[in-house]
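Protein chains in written order, with the working numbering: chain A, 1 to 651; chain B, 1001 to 1651.
1) Starting from residue 27 of chain A and walking both ways along the beta strand (DSSP E), at which residues does that stretch end?
2) Measure how close the beta-carbons of residue 349 of chain A and residue 356 of chain A come, nearest whole angstrom, since I'm counting them as under 8 Å.
3) Are the C-beta of residue 725 of chain A and some C-beta of chain B separated by less than 9 Å?
4) Could you tell me which of B:1274, B:1522, B:1444 sits nearest to residue 1482 of chain B, measuring between CA atoms?
5) With distances taken from CA atoms, which of A:235, A:59, A:641, A:528 is nearest residue 256 of chain A?
6) Determine, for residue 419 of chain A, whether the minimum Cβ-Cβ distance to residues of chain B falls below 9 Å.
7) Terminal residues of the continuous alpha helix (DSSP H) containing residue 554 of chain A?
8) Measure the beta-carbon distance from residue 59 of chain A to residue 88 of chain A and round it to whole angstroms, keeping in mind my assumption that it falls under 8 Å.
9) Identify the contact partners of residue 341 of chain A in chain B, using a Cβ-Cβ distance below 8 Å as the criterion.
10) Using the Cα positions of residue 1429 of chain B and residue 1519 of chain B, report the straight-line distance between them to the nearest angstrom.
11) Give me the residue from A:327, A:151, A:358 with the minimum Cα distance to residue 185 of chain A.
12) Run through chain A and tell me which residues come within less than 8 Å of residue 1335 of chain B, C-beta to C-beta.
13) Cα-Cα, which of B:1451, B:1393, B:1450, B:1176 is closest to residue 1545 of chain B?
14) Hey, does residue 146 of chain A have any beta-carbon neighbour from chain B nearer than 9 Å?
15) Under a CB-based cut-off of 9 Å, is residue 369 of chain A close to chain B?
16) Any idea if residue 224 of chain A is buried or exposed, counting beta-carbon neighbours within 10 angstroms, 16 or more meaning buried?
17) Between the stretch 1612-1619 of chain B and the stretch 1247-1262 of chain B, can you find at least three pairs of beta-carbon atoms closer than 8 Å?
18) If you draw a straight line from the C-alpha of residue 1239 of chain B to the C-alpha of residue 230 of chain A, how long is it?
19) Between B:1469, B:1504, B:1491, which lies nearest to residue 1568 of chain B when the distance is taken from Cα to Cα?
20) Identify whether residue 1564 of chain B lies in helix, strand or coil by the three-state DSSP scheme.
21) So with Cβ pairs under 9 Å, would you call residue 1465 of chain B a contact of chain A?
22) Check residue 321 of chain A in the structure and name its three-state DSSP category.
23) Mind checking the stretch 1320-1331 of chain B against chain A and listing, in chain order, the residues whose C-beta falls within less than 7 Å of any C-beta there?
24) Just verifying my parser: in three-state terms, what is the DSSP assignment at residue 273 of chain A?
25) Thinking C-beta only, is residue 147 of chain A closer than 9 Å to residue 93 of chain A?
26) Using a Cβ cut-off of 9 Å (strictly closer), state whether residue 1347 of chain B contacts chain A.
27) What residues of chain A sit near residue 1622 of chain B, judged by a beta carbon separation below 9 Å?
28) Between which two residues does the alpha helix (DSSP H) harbouring residue 149 of chain A extend?
29) Should residue 1079 of chain B be labelled buried (16 or more other beta-carbon atoms within 10 Å of its own) or exposed?
30) Please state whether DSSP places residue 395 of chain A in a helix, a strand or coil.
31) To the nearest angstrom, report how far apart residue 182 of chain A and residue 536 of chain A are at their CA atoms.
32) Would you mind working out which of B:1244, B:1324, B:1159 sits nearest residue 1282 of chain B, comparing C-alpha positions?
33) Just to confirm my understanding: we take residue 206 of chain A, look at its own chain, exclude 5 residues before and 5 after, and list those with CB closer than 6 Å. What are they?
34) Since residue 502 of chain A is in the beta strand (DSSP E), which residue starts that stretch and which ends it?
35) So, for residue 1063 of chain B: in the same chain, excluding its five sequence neighbours on each side, which residues have a beta-carbon less than 7 Å away from its beta-carbon?
36) Are residue 1421 of chain B and residue 1317 of chain B close, meaning C-beta to C-beta below 9 Å?
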């Protein structure tokens, strides 16, 4: 079947593309890529390079129909794959009705990601939850938005205050709040709302910095129905959490891949996309859609009307926050790395097109600099390290690794480009920490033992699994301190392929996709660079304030692989400093936790702003020490073995 | 020529109506009234009753074409008029192509009104113009919006504040203003504006109550181009004044009739219209159009771009302010007379659809109650009476008469329904204080002397002229204290007509319209009721606070006829209390002056808010004293002659 639809510029052909195993037939215009076609059908295909044809992650298999093969495509596929009909989805354009199979390796399974990794029961330090208002005797108010039921005295000739001033007076009486802001359109029909409800109304008050704002006036008593959304806007994933603003209870959490991935995997490639002729709009739209879908799905499940959600708080890195708010991100990328803003006004939901109550408040966690964002401020808030007199460090592992060091008196931070390896990216068989990912590995007596997320057949290796393999290979002396396979070791799992040497973790027969799951020497080289960047950043940061690692009381580990990371193995490869395992604490998705805390406590939100202002940012990209430390760390565990005394026996 | 146009509900005929002397042919649908037709063509016809067919002001003469005569219409026309082809424009529907002459009496000439009556050079008490900020050492800022030129230091790796925080820091340094508000859409493209202009920008700061708001960021130095609009939204006329926000200079003033008049002449009939099925929208739209046209015309004349107008301040009575802002006015009309609001948030111009800079600020002078509005607050502000230790009274004459009494310690106020007589309404030959209106009359030796506004042939009598005539007739004993013509006096000017007795001020041969200009006994009766309402209100208000008129140091006279009123004659008829003429001061359009002062000085705007809060309102409609005083005042000058000792020789 072939439809021809008329367009302004002439006739354009339309085809149907059926993706397997879904079986969904998607109408696609001629010339669109298979990646775009899948996206139009809501099917996510792995893709790390933003459709540039360089990462080779989006391999799909043609079942029916004709496509042109793109030379780029061919160079990233093995002869065997080409023979089997594989193409790169991003390099293949539609010019026929097609049937395409998305192999399991190329598939993103939205619903599982991060849900397990996230610490839903994260315990908040008590001092964060106690709002300053309570101390000042105003105990009623703490969250970003709060409802108040008012029974206004009926007006008389003697008590003839206007409707609006009557509401103001009652709010003043009840909560000692004077002169709240209100927008004109909320006043226009007020007279009738009051009289239809015998002067009994529920007012929703929001906080805009130091001022209160009446954002909603409803007839009757709707006190019990007030909900909020905490958002973690990650470069890779977007997580939304629905919260009851009265009970502070978490009602549900949902995550999805950041749909901006189609424009590039990391923040830099997205900035490039946004600042070329494409503009920022597609990126902004993508993440807004993400959030909208998550929010709607949470509300539907909990039988909550979207208008009952009156507040949202988002935490994201600086670029993600810019793209979310539609702010120009272009100068984040070039020296001296200046973002448009690091603190953001409290906005109306309708200003950012988030589908909650349009008059609801929308706020973003403040950022520190172009490369230390609101996710880190949220993490510091959630960890409580900014309140403690003891010295702590926060390490957040993502494509960028952010590190914060300090206490209640001072905070310093930096960011290093780590690459996607710890998120499973850029590796031959790497994958995100989702279902089927090998997350733990041990080698004993030459046997490999592993377990996968969801306990199913392995589909690839995620960050924590990769760290385990490296550590085990190093402990077993199958790789040398420089990450090269020891030529003298003889093992059937170490094989020479057309891409160089590799170590097979799981044989084709064991795997979900029917392929060997292996780590290559090239992968290991990449991982060493990643771990060296993290370690060097932590070292430079500590040195810059004259701190020795052993003085650090607690190291908080945040980020996607937080819960699975084997600390001892991470120390073996020299990713983490050589401290007693008891000093490390996993805090999971602390970006989300921090956003939720700030959503529920204005005191915490103010504290986050204070934290962001107080943090001193060290720019590593121009720091010669960082380069020296990085080079010194390009060995397992490190060139300077004295830094890892506990590994003395091993090395 | 007859066109048939298709409508949803079937075919509807369209005709052409030509109005003379304009000669404009207006396409009109069948069934529209001539009043509506004229309105569609931008031609204003006098009309006091809102098209109810009861005031008889909209007489027009048929020249060609057929119309049905409406019985209502006939009862308000003389036999002679009917024979000449006169009809009431509001009661005559179109069902043919027509040619209609609008006689000079029925014509509103927009451009002249109020321009002469207004005190453009009104001098502001010095203490109002001195902003509180200056006292506090912050001398730079006073108007509602103000521009600031910033040369931001170029960002470096060491000084890597974000763009927005860089602007905040410079504003803080320069003006000691911290954390100004800003809307998201002003931040979005900021990075590019800064870099395109080498970090040299002009920021427009607005005041929203106690907070500052960045409402505009422009590249380069536009410091000199910042303009504001002061508005007086009267029930009858709308006046706009263009002001240079830097020099405080008035650049121009324009006035037009309030287009809401087509929906009723006074506030009550407009509330009825708005709260019936018609809704408020047509009324809101009418005044917004008024303002828009005035503002555009002022800007065009002064070669100012509308975006360069960044602030507007409006003063109007409570109902006018509600209709301007689109707020439900319905409960203003019924006991206990509760408006939706008496103080109004500072808004964005785009919220109210005023065609200045859409991010410009729009504010309204605060009201006291349903019947003492922002025009009066503005008047009190402009008069300076709220700052004086001496006792003053403000009398504002319009369809409602508002009276304020007090000093810097206390203020009381009330409002009385006066009727349209002092604005020339509801009288046989009454007209507004525009070109051709008889504004001064004296009678000596039986001869009548008068002068007109613009010195042309008389077209009618305006408020000040009417007061003069009454006083002269009374002084010459041609009318008795009860307002009836003295039957024993023989004078050719006193004639018996089918409408009762009347006094001819100007003979047909002298007048513009070729008709006798006369005042009838019925007119005089109406005027006595009007003056009695004013005097009774002033009396009750003074009594309520134990003040005797002679204790009042100064009486400010505000309103349309402010500049022409002959005080001595107004005392003769018992409209004003019997005090030495030197105690009266005309302050013209003090509503406009007050709005301008508040536009230019935030200190004054805050003072106006304090004044509105401080004023105690007395509701006269339920006050038995008022009724007694009103009845006692229904004589010339008053039943109690002791109240008017200076008239002893006359009475």
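Note that beta-carbon positions come from the ideal geometry of N, C-alpha and C, so glycine has one too.
Considering the structure as presented:
1) By 1-based counting over the first chain, the position of residue 27 of chain A is 27. Here the beta strand (DSSP E) through residue 27 of chain A covers 24-29.
2) To locate residue 349 of chain A, count along the first chain from 1; it is residue 349. To locate residue 356 of chain A, count along the first chain from 1; it is residue 356. Contact holds; Cβ gap of about 5 Å.
3) Absent from the structure is residue 725 of chain A, since the part of chain A shown begins at 1 and ends at 651.
4) Mapped onto the second chain, residue 1482 of chain B falls at position 482. Measuring from the Cα of residue 1482 of chain B, the nearest candidate turns out to be B:1522.
5) Within the first chain, numbered from 1, the residue matching residue 256 of chain A stands at position 256. Closest by alpha carbon: A:235.
6) Here residue 419 of chain A refers to the residue found at position 419 when the first chain is read from its first residue. Not an interface residue.
7) Along the first chain, one-based indexing puts residue 554 of chain A at 554. First-last for residue 554 of chain A: 554-559, but that is the beta strand (DSSP E), not the alpha helix (DSSP H).
8) Residue mapping note: residue 59 of chain A aligns to position 59 of the first chain, counting from 1. Residue mapping note: residue 88 of chain A aligns to position 88 of the first chain, counting from 1. About 6 Å; that satisfies the 8 Å criterion.
9) On the first chain, position 341 is the one that residue 341 of chain A refers to. Simply 1162, 1163, 1164, 1165, 1187, 1190.
10) Reading the second chain from its first residue, position 429 is the one you call residue 1429 of chain B. Reading the second chain from its first residue, position 519 is the one you call residue 1519 of chain B. Approximately 7 Å between the Cα atoms of the pair.
11) Position 185 of the first chain, counting from 1, holds the residue named residue 185 of chain A. The candidate whose alpha carbon is nearest that of residue 185 of chain A is A:358.
12) As a first step, residue 1335 of chain B is located in the second chain; it is residue number 335 there, counting from the start. Under the 8 Å cutoff, chain A gives 157.
13) For this step, residue 1545 of chain B is matched to residue 545 along the second chain. If we check each option's Cα against that of residue 1545 of chain B, B:1393 comes out closest.
14) In the first chain, the residue the question calls residue 146 of chain A occupies position 146. For residue 146 of chain A, the answer is no, since every Cβ of chain B falls outside 9 Å of its Cβ.
15) By 1-based counting over the first chain, the position of residue 369 of chain A is 369. Yes, because at least one Cβ of chain B sits closer than 9 Å to the Cβ of residue 369 of chain A.
16) One-based indexing of the first chain puts residue 224 of chain A at position 224. It is exposed - the Cβ of residue 224 of chain A has fewer than 16 other Cβ atoms within 10 Å.
17) no
18) Numbered from its first residue, the second chain carries residue 1239 of chain B at position 239. Numbered from its first residue, the first chain carries residue 230 of chain A at position 230. So the two alpha carbons sit approximately 50 Å from each other.
19) Within the second chain, the letter at position 568 stands for residue 1568 of chain B. For the residues B:1469, B:1504, B:1491, the minimum Cα distance to residue 1568 of chain B belongs to B:1469.
20) Walking along the second chain from the start, residue 1564 of chain B turns up at place 564. Here residue 1564 of chain B sits in coil by DSSP.
21) Sequence index remark: in the second chain, residue 1465 of chain B carries index 465 (1-based). Not one chain A Cβ lies under 9 Å of residue 1465 of chain B.
22) Here residue 321 of chain A corresponds to residue number 321 of the first chain, with the count starting at 1. It is helical.
23) 1325, 1326, 1327, 1328, 1330, 1331
24) The residue labelled residue 273 of chain A in the question sits at position 273 within the first chain. DSSP places residue 273 of chain A in helix when its eight states are reduced to three.
25) Here residue 93 of chain A is taken as the residue at index 93 of the first chain, counted from 1. Here residue 147 of chain A is taken as the residue at index 147 of the first chain, counted from 1. Going by C-beta atoms, residue 93 of chain A is not nearer than 9 Å to residue 147 of chain A.
26) On the second chain, residue 1347 of chain B is found 347 positions in, with the first residue counted as 1. By this cut-off, residue 1347 of chain B is an interface position.
27) Within the second chain, numbered from 1, the residue matching residue 1622 of chain B stands at position 622. Per Cβ cutoff of 9 Å: 157.
28) Here residue 149 of chain A refers to the residue found at position 149 of the first chain. Where residue 149 of chain A is concerned, there is no enclosing alpha helix (DSSP H), although the beta strand (DSSP E) it sits in stretches over 145-151.
29) Stepping through the second chain from its first residue, residue 1079 of chain B is reached at position 79. Exposed, by the Cβ-count rule.
30) On the first chain, position 395 is the one that residue 395 of chain A refers to. Three-state DSSP puts residue 395 of chain A in a strand.
31) Counting from 1 along the first chain, the entry for residue 182 of chain A is found at position 182. Counting from 1 along the first chain, the entry for residue 536 of chain A is found at position 536. Each residue's alpha carbon lies about 51 Å from the other.
32) In the second chain, counting from the first residue as 1, residue 1282 of chain B sits at position 282. Ranking the options by Cα distance to residue 1282 of chain B, first place goes to B:1324.
33) Within the first chain, residue 206 of chain A is the residue found at index 206, counting from 1. Result list for residue 206 of chain A: 145, 213, 215, 361, in chain order.
34) Position 502 of the first chain, counting from 1, holds the residue named residue 502 of chain A. Taken as a continuous stretch (DSSP letters only), the beta strand (DSSP E) holding residue 502 of chain A covers 500-506.
35) On the second chain, position 63 is the one that residue 1063 of chain B refers to. Taken in chain order, the residues that qualify are 1020, 1099, 1100, 1101.
36) Looking up residue 1421 of chain B in the second chain gives position 421. Looking up residue 1317 of chain B in the second chain gives position 317. No, Cβ-Cβ distance for residue 1421 of chain B and residue 1317 of chain B is not below 9 Å.
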